[in-house]
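Chain order of the listed sequences is A and B. Take 425 as the starting number for the first sequence in our numbering and just add one per residue. Take 425 as the starting number for the second sequence in our numbering and just add one per residue. Heads up, the beta-carbon is just placed ideally off N, CA and C, and yes, glycines get one too. Below is one structure, written out as structure tokens; comments come after it.
2 protein chains.
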Amino acid sequence: MCKLHINLYLYIMDNKKQYTELLVDPSSFLPGVSIDCVVIGFDLTELNILLLQLKKHDLWMLPGGFIHLNEDMDQAATRILEERTGIKLPYLKQFHTFGDVNRRENTKFPGVNHMLGEPFEKMIAFLEKRFISSGYLSLVDIRNCAPTPDAMSDECTWIPVNLLPVLLYDHGDIVKKAMEQLRSRINYMPVGISLMPEKFTMKEFQTLYEKILNKSLDRGNFQKKMLKLEFLVRHEKKLSGGAHKAPYLYSFNKNRYNELVEKGIGYIN
Amino acid sequence: MCKLHINLYLYIMDNKKQYTELLVDPSSFLPGVSIDCVVIGFDLTELNILLLQLKKHDLWMLPGGFIHLNEDMDQAATRILEERTGIKLPYLKQFHTFGDVNRRENTKFPGVNHMLGEPFEKMIAFLEKRFISSGYLSLVDIRNCAPTPDAMSDECTWIPVNLLPVLLYDHGDIVKKAMEQLRSRINYMPVGISLMPEKFTMKEFQTLYEKILNKSLDRGNFQKKMLKLEFLVRHEKKLSGGAHKAPYLYSFNKNRYNELVEKGIGYIN
DNA sequence: AATTAATGTGTAATTTGCACACAATATTTA
DNA sequence: TAAATATTGTGTGCAAATTACACATTAATT
């Protein structure tokens, strides 16, 4: 779903204001294909997913959009994501294309049948056709990310993956598939650099792995394994964390880390 | 590319015969999206890929087609593959969607500009629009497969992967990505059951792995590893294979094998 | 100064990976 | 008929990785 899409539908719902400046000629888009982004962030405790909300209808959805005719699909995904989060150069990868006939049947837009003014007709016709959607998985640092809800007051919020509301269309399936992808390809994705803050404790890093893999890991073995790979730089200790030994802070040697990710590192076997 | 597409273009090239009975209303297809199948077979020596050839133009391409409006994308892939190979219930999985603007620029159809009769105009207009294409990887037993070239005398042939000709559009990239997918997911695909004949020797099974992984494996370790997993059933020996000890023949315990493939087995680490 | 709770590291048992050796055996050949 | 041949089936030893703990360390609290 792109801004255009949302705004248009909001217009349909409200039927008050004029948002014609947001209208784009749908013939500039590749028909039949949309892009949906599963943007994952980590708050050092839980994995979160970036969702858009249409407040009036309590309707949640993935940020998405359409592909311009002169635009590569990957470019379109990058553009759409930047429009939504303000983040540039995120880790972003296509993971699956969803093409069931009924993929929009589960949770539909409410009240689409209400009608509206003339300039929207082409767009409505475009939107109501059948679409397949390519899912893109993005890993971003939740702290560098400025989700920007658009002019129409819909919200753009991080929601914990285990507390997801019912989503539009098949977006729930798309998120599920993205999480499976993340789990099964964890060794080949830069989960650390993409999801962790600049400095972090080993415990926090381990929590990331545990949340992705959905199982607990042995603390000692995790620490030794990660240290032996030599992509972590140790810094000063983090004090005042409680009545116990203070942990070191770590950061990434990015060159070394990216090298290793190419070949596949980590904690699946 | 589907029969329709090929035949249509042959018509354009020849401009002699009438194949109007093959014409389909393009509005019955989802616009902007095609499917291309990378069908892989194993002849006990090499991996082969099923290609279609337009003889007159020495043009090779993947079997492909379009998605009917009332058809799931996976269904469409199954249908297209069955039309091409006669095989039902193959292993068939979407692996990537190719969406570059220029994906049809490298190797184009020759001489599309020649014109033609009226009933084709809609179809031509449909075909010349921009398409993205979802790649499906299929693993089939080359011996149970009856490739059926269509009425128009194009060929449908198994070609060894290391001897591929230049392919239409970006089909070379699609094959390459499919092979990477096969290699990296070998432990999660039923490569054995899908690609091997009913009975086979351990040597032949090992060759399959070596061709997929593109490296040689230690014979003794391969044999022990596979036997320990207990999905192979040992049969009588295969005699008259030369001046040496005769190898056993093996087949799959399909239940056990499929169980293991679910969890991931095999020879990547 | 003792207690507490979490961190950093060590160790032993087990499993797996890897390289190679050796024995077994259909067929060929002398 | 017996030796030679080439390939299969299996064993063995060493290195590396995995796993499950144990133990020592230490910043803050009591």
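Which residues in chain A have a C-beta closer than 7 Å to the C-beta of M485(B)? List them in chain order.
Under the 7 Å cutoff, chain A gives no residues; its nearest Cβ is about 21 Å from M485(B).
Beta-carbon proximity list for M437(A), same chain, < 6 Å, skipping 5 on both sides:
Any answer about M437(A) is weak, because its pLDDT of 49 lies below 50 and its placement is not dependable; what the coordinates show is given next. Nothing listed; no residue qualifies.
Taking contact to mean 3 or more Cβ pairs, one atom from each stretch, closer than 8 Å, check whether the region 556-575 of chain B and the region 509-527 of chain B are in contact.
yes
Is P405(B) helix, strand or coil by DSSP?
Beyond the ends of chain B as shown, which are 425 and 693, falls residue 405(B); an answer cannot be given.
Decide if the region 629-643 of chain A is in contact with the region 450-460 of chain B; the criterion is three or more beta carbon pairs, one per stretch, under 8 Å apart.
no
Using the beta-carbon count (16 or more within 10 Å), is V590(B) buried or exposed?
exposed
Assign E552(B) to one of three DSSP states: helix, strand, or coil.
helix
With a cut-off of 8 Å on the beta carbons, I'd call Y674(A) and K623(A) a contact; round off their distance for me.
7 Å
Beta-carbon separation of I566(B) and G488(B) under 8 Å?
no
Taking H595(A) as part of the alpha helix (DSSP H), name the residues at either end of that continuous run.
H595 to S608
Please confirm whether Q605(B) has its beta-carbon closer than 8 Å to some beta-carbon of chain A.
no
Taking 8 Å as the threshold (C-beta atoms), are L478(A) and C580(A) in contact?
no
Nearest-angstrom Cβ-Cβ length linking E495(B) and V457(A), presumed shorter than 8 Å
With 8 Å as the limit, E495(B) and V457(A) do not qualify as a contact, their Cβ atoms being about 16 Å apart.
So with CB distances below 7 Å, who are the chain B contacts of E495(A)?
V525
Taking 8 Å as the threshold (beta carbon to beta carbon), is T521(B) in contact with chain A?
yes
On the three-state DSSP scale, how would you describe I464(B)?
strand
Looking at the strands, I want to know which residues DSSP matches up with I583(B).
I473(B)
Would you say K631(B) and K662(B) are within 8 Å of each other, going by their C-beta atoms?
The displayed chain sequence assigns Thr, not Lys, to residue 631(B). Going by C-beta atoms, T631(B) is not nearer than 8 Å to K662(B).
By the criterion of Cβ-Cβ separation under 8 Å, what are the contact partners of P455(B) in chain A?
P455 and G456
How would you list, in chain order, the residues of chain A whose beta-carbon sits under 9 Å from the beta-carbon of D498(B)?
G523 and D524
Using the Cα positions of I692(B) and N611(B), report the straight-line distance between them to the nearest angstrom.
7 Å
Along the beta strand (DSSP E) that carries E660(A), what are the first and last residues, could you check?
L656 to K661
Could you tell me which chain B residues have their CB closer than 9 Å to the CB of Q518(A), listed as they occur along the chain?
H520, T521 and G523
Of all the options F519(A), K532(A) and Q647(A), which has the alpha carbon lying nearest to the alpha carbon of H481(A)?
K532(A)
Looking at chain B, is there any beta carbon in it that lies within less than 8 Å of the beta carbon of R554(A)?
yes
By DSSP, does L483(A) sit in helix, in strand, or in coil?
strand
Using CA atoms only, rank isn't needed, just tell me which of L468(A), L592(A), M650(A) and T469(A) is closest to N677(A).
M650(A)
Please state if the CB of V685(A) and the CB of P614(A) are separated by a distance shorter than 8 Å.
yes
State yes or no: is the C-beta of L493(B) within less than 8 Å of the C-beta of L505(B)?
no
Can you give me the start and stop residues for the beta strand (DSSP E) that I504(A) sits inside?
Careful: I504(A) lies outside any beta strand (DSSP E), inside the alpha helix (DSSP H) at M497 to T509.
Smallest Cα separation from Y593(B): which of K627(B), L486(B) and T469(B)?
L486(B)
For K517(B), does the three-state DSSP call read helix, strand or coil?
strand
Thinking D460(B) and S557(B) are a contact (beta carbons under 8 Å), I'd like their distance in whole angstroms, please.
5 Å
Within the 8 Å Cβ cut-off, does S558(A) reach chain B?
yes
At what residues does the beta strand (DSSP E) containing Y674(A) begin and finish?
Y672 to F676
For T502(B), is the classification buried or exposed, using 16 other Cβ atoms within 10 angstroms of its Cβ as the cut-off for buried?
buried
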